[in-house]
Structure formats: C-alpha cells, structure tokens
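If you count by full-length UniProt numbering, then the sequence shown holds residues 1 to 133, one letter each, in order.
Structure first, then comments.
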Amino acid sequence: MTTAELTIGKLAEAAGVNIETIRYYQRRGLLKEPLKPQGGHRRYSSEQTKRIRFIKRAQLLGFTLDEVSALLTLDTVCACEETRALSVLKLSLIEQKMADLAAMKQALGELVKQCDFGNGHATCPIIGALVRD
1 MTTAELTIGK LAEAAGVNIE TIRYYQRRGL LKEPLKPQGG HRRYSSEQTK RIRFIKRAQL
61 LGFTLDEVSA LLTLDTVCAC EETRALSVLK LSLIEQKMAD LAAMKQALGE LVKQCDFGNG
121 HATCPIIGAL VRD
C-alpha cells in the first residue's frame, strides 16, 4: 500500500468512524483534506488513520475537539509538560463534573423517594420541584 491510497470510505472503515466524521474533522482543521486530482478521487495516507484514532482516543478521555486540536499541535518529544498540564486541567474538570452529577443523583433520588410515599392525590413532588419559584 502506498502512502496515499485510501479513499475516504476506506479511511473511515480503517479508523472506525463514518465518512461524515472525517469531513467534520476536516472542517474543524483536525485533518487535512488532500487535493483532488483532476477527474479522480482524493486519497488519504495511512497516517490519517492514526490521527483519527488519536482524536477518538482523546475524546474517550474527555477532551473536547478544541483540546484535541491543541494536543495535535504539541511536539510529541518536547511537549510532555504541556500535555500533562492540559491533562491535569481536564482531570479537575472531570472531578467537578462527577461531583455535580453526584449532587444531581442525590437530589433526584430524594424526589423519587417522595413519589414513593405519595398517596396519588397530591402534586407530584418532582413536578413541584421543577415549577417551584
């Protein structure tokens, strides 16, 4: 296989994404769009497959596409400190989100318990909590 012989469909298949994802990444500047030869189809290198997999793995760790873009610009040899700083920030955001979710779970759980003890004639406690001023 030469360095640029994947069609967009084959690239999508190899990377485990759909074609629209590739086009979206191109619009966002995460992937370069190869030139279209006259009368032909664009061809992608196998390196693009690795780049897409990198993007997807970073997203699984909670990085946004803007953050992934920043990660992609870092030099893999010299950027450990910068990558660590981005990761520490992301970790603290995840921890905050988990705390927020735990509080939401607690509040909703209490409302569900109130429903369990209702007599069926009173206002639903969940609806009541949502419309409360």
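All residues carry an ideal CB built from backbone N, CA and C; glycine is no exception.
_Element boundaries [alpha helix (DSSP H), containing residue 67]_ = 65-73
*In this structure, what does DSSP give as the bridge partners for residue 44?*
6
_So, at 6 Å on beta carbons, what are the nonlocal neighbours of residue 68 in its own chain, with the 5 sequence-adjacent residues on each side left out?_
55, 58
_Inter-residue Cα distance where the pair is residue 92 and residue 63_ = 12 Å
*asked:* To the nearest angstrom, how far is the alpha carbon of residue 19 from that of residue 124?
replied: 46 Å
*What span of residues does the alpha helix (DSSP H) with residue 135 cover, start to end?*
Nothing can be reported for residue 135: it is not among the residues displayed for the chain, which extend from 1 to 133.
*C-beta atoms of residue 5 and residue 42 nearer than 8 Å*: no
*Are the CB atoms of residue 25 and residue 52 nearer to each other than 8 Å?*
yes
*Leaving out five residues before and five after residue 113 in sequence, what residues of the same chain have Cβ atoms less than 8 Å from its Cβ?*
none
*asked:* Within a Cβ cutoff of 7 Å, which residues of the same chain sit near residue 115, ignoring the five residues on either side of it in sequence?
replied: 124, 125, 126
*Closest by CA to residue 85, which one among 97, 31, 98, 70?*
70
*Cα-Cα separation between residue 101 and residue 61, rounded to whole angstroms*: 17 Å
*Nearest to residue 36 by CA position, among 72, 106, 75, 8, is which residue?*
8
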